[in-house]
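Notes to accompany the following structure.
Residue numbers (this note's numbering), protein chains in the order written: chain A, 5 to 538; chain B, 3 to 337.
This is the structure:
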């Protein structure tokens, strides 16, 4: 099976971003007709590796060999021309353009005499439709992408790869937002790519997917490849140990059950298009997990609690008293704090110093009960600001050269701690953390988990919105599962195994599983394989 | 116009209806407003604005803005007027080429500063807005080039009539057609939409982002340069404060026409309607005898009102997470 020579080899790749050493020696080989699983935790360097392979970044050290020849991609187009195509984790698409234009952007078929060559729209739409039909997409190539779901966008990206005659296809967590039925269609597509002799690099942290479609694996940890081998000789425990470099139990702190009285009571929280009928309670000293696929409406519900999502109906009670939340100030005054998912866009201000980021909420925020006063009369007290920053840096063990360091100079994990510190400055009673460990390394994750444990030990209540199943399973006292805007299940800690929770989130627990338009075309996904080679 | 009518969107339809309502309302009070003669006057007055709007639109599509357009117009106009005074034998094609080259160069300076130093377009073009204005003073020594000193061919061009229509209108139509062709039929045009809509995705897709941004600013400059020659000819004068502040009218026309300041959205049809809207409002106010002191204020208020109306209709669609009857129906059809 390993007779064919490698199509693409990576030798000792290194990449640094300022103080961060993102990749420190990656070796791997891709063979035509085989799928290689690239496994690693968030922050292990997988996305950086993809960017090196697709020409978005250039490596600082090491070689990329295609057919044994060393390559340096000047830009993304050069990588595509060499036949390396990536399907990205978060689809990178042009919303205002049609599916066909997204498939052919930068290489539209042209017609007409030299000097007056124009885009051949008819041919482009026709060929795009063929590529879309091959992957079993049930929509027209002329549909604007903004009207399509996440799953449908993934199909467009795969169609793009197919129409480019790709020799290497990189699938970067392509199933993160797909339902279970869609994932099975997706396996068929991967098998089809393999049978055409394409080398597939499959990046995911879902083990069932790896075992279903991959032939070999490489494990990445802290930016270096730490193990590789044939899939059929591996088992899950082995891979987990390689990925984490330690046992899972050591990563998660023990959070004892010290729940107090009901703090927050939510009844019938609804939004016209985003979520409907959410009912839950949050106790003092509790971690309440919100699990679901990407786009299940969890963040939208949290934004609603913070008064950031207009058009919401329902009843929210704090300490048994009805709480009117019309704008963020109402929520903050009541003692709610929200640490958003997109740290850089919604959370921290990168050019500001650590100190100014930490004092921001306490300064600008409304006069909450526990709000620390940073001003003396009408003037800002620099001393008080410094003291708050110093206490937070110590309490959260933020690694930085000093309170004056700009936030942009900190690593991802420490940036996240600063954003959390900002809200702790308001002395909140309820902290909502939205994907708090997204894109940070294992060490930083551990620190964030420790911090969460400390917060609840001090009597705070935490809502943990996360797409990382182990995170909610180990930390949360209770986990609410959302699917397509609905609250579909609730599990107490230790009550359910991973399969049951994932099944609830992706709609496989029987009953009225919602199906998207995409899954209706399930058969087409399997039928496409033979014609492609022709 | 028949061609573009096929692509007319609902938004453009509404704008067209508003323009028609304004025109008819004014016409009821002053029937002279609805004559062909007046329509041609408005079209003629709007021609230079239309050319400038085409350039500005290309830049807006890339998430940029060209605040230096009016300064570029004035500087190019002044340089052409000086050249015309110095060499009275210059033929018209040479004058047009001179305007195009100077304008394109001034635009390219914006492009280089923005792409090579990764500077924000608003800062760069605000800088060149002042710099180009200052350069006019340096070039002319602060003097006016008045009617009798302007090259006869520069003065003659805006007064020509070709095939029964004013030359200005023909030139504007040419600029509109060229822009429409670029945006619809050329890769470069589609890529302007792409990189304005999602800059990081554009990099991933291998679009030469900096080259395309350069193209947009250079073309904006080129259109501004040609407009400079036409402006000087039409008003028979060149001086330092020529068309000062006009860039705001240009941007307003784009925004009224539905070109998004946030990039990636906009159509030639919409932009042309935006120009017509401003032309009709500006043409209507004197006709219904609004005092000139009020005219500017009213024109501004009307522009703000229509922009606000647009912003509402362009508000981002809500995320559809819950299942709806609509999606269920689609699934049924696909099966």
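By construction, the Cβ of each residue, glycine as well, lies at the ideal position given by its N, Cα and C atoms.
In the three-state reduction of the DSSP assignment, residue 228 of chain A falls in the strand class, which pools E and B.
Looking from the CA of residue 308 of chain B, the closest CA among B:125, B:48, B:16 belongs to B:16.
Boundaries of the alpha helix (DSSP H) harbouring residue 219 of chain B: 211 to 237, taken from the DSSP string. Judged by DSSP secondary structure, residue 303 of chain A falls outside any beta strand (DSSP E) and instead within the alpha helix (DSSP H) spanning 302 to 309. By DSSP's assignment, residue 207 of chain A forms a beta bridge with A:42, A:176. From the beta-carbon of residue 58 of chain A, the residues of chain B found nearer than 8 Å are 206. Per DSSP, residue 195 of chain B is not a residue of any beta strand (DSSP E); the alpha helix (DSSP H) it occupies stretches across 189 to 199. Chain B has a Cβ within less than 8 Å of the Cβ of residue 277 of chain A.
Residues of chain A whose Cβ lies closer than 8 Å to the Cβ of residue 200 of chain B are, in chain order, 96, 97, 98, 99. Residue range 125 to 138 is occupied by the alpha helix (DSSP H) that includes residue 131 of chain A.
Per DSSP, reduced to three states, the secondary structure at residue 150 of chain B is helical. About 4 Å separates the CB atoms of residue 467 of chain A and residue 436 of chain A; that is less than 8 Å, so the two are in contact.
Taking the Cβ atoms as the reference, residue 156 of chain B lies roughly 4 Å from residue 235 of chain B, within the contact range of under 8 Å.
At a C-beta separation below 9 Å, residue 105 of chain A has these neighbours in chain B: 192, 195, 196. At a cut-off of 8 Å between beta-carbon atoms, residue 266 of chain B makes contact with chain A. Here the alpha carbons of residue 259 of chain A and residue 290 of chain A stand approximately 9 Å from one another.
Chain B places no beta carbon closer than 8 Å to that of residue 289 of chain A, leaving this residue out of the contacts.
For residue 135 of chain B, the three-state secondary structure derived from DSSP is helix. Taken in chain order, the members of the segment 206 to 235 of chain B whose beta-carbon sits within less than 7 Å of a beta-carbon on chain A are 206, 207, 208, 209. Residue 57 of chain B: member of the alpha helix (DSSP H) spanning 38 to 63, first to last residue. If you draw a straight line from the Cα of residue 28 of chain A to the Cα of residue 58 of chain A, it comes to about 18 Å. For residue 396 of chain A, the enclosing alpha helix (DSSP H) begins and ends at 386 to 399. The beta carbon of residue 36 of chain A sits closer than 8 Å to those of 8, 11, 171, 201, 202, 203, all from its chain and outside the five residues before and after it, given in chain order.
Beyond the five residues adjoining it in sequence on each side, residue 133 of chain B comes within less than 6 Å, by CB distance, of no other residue in the same chain. DSSP places residue 14 of chain B in the uninterrupted alpha helix (DSSP H) bounded by 12 to 31.
Annotation for residue 334 of chain A: 311, 327, 328 place their beta carbon closer than 8 Å to its own, counting only its chain and skipping 5 residues before and after. For residue 492 of chain A, the uninterrupted beta strand (DSSP E) run begins and ends at 490 to 496, by DSSP. Interface criterion not met: the Cβ of residue 146 of chain B is under 8 Å from no Cβ in chain A.
Looking at the DSSP output, residue 270 of chain A bridges to A:284, A:320.
Selection A:504, A:273, A:460, A:190 evaluated against residue 477 of chain A yields A:504 as nearest (Cα-Cα). Classified as buried, residue 192 of chain B has 16 or more neighbouring CB atoms from the shown chains inside 10 Å of its CB.
For residue 278 of chain B, the secondary structure class from DSSP, reduced to helix, strand or coil, is helix. Taking C-beta atoms as the reference points, residue 135 of chain A and residue 174 of chain A fail to come closer than 8 Å. Excluding its 5 nearest sequence neighbours in each direction, residue 234 of chain A has C-beta neighbours in its own chain below 6 Å: 220, listed in chain order.
The three-state reading of DSSP puts residue 167 of chain B in strand, counting E and B together. With contacts defined by Cβ atoms closer than 8 Å, residue 68 of chain B and residue 127 of chain B form a contacting pair.
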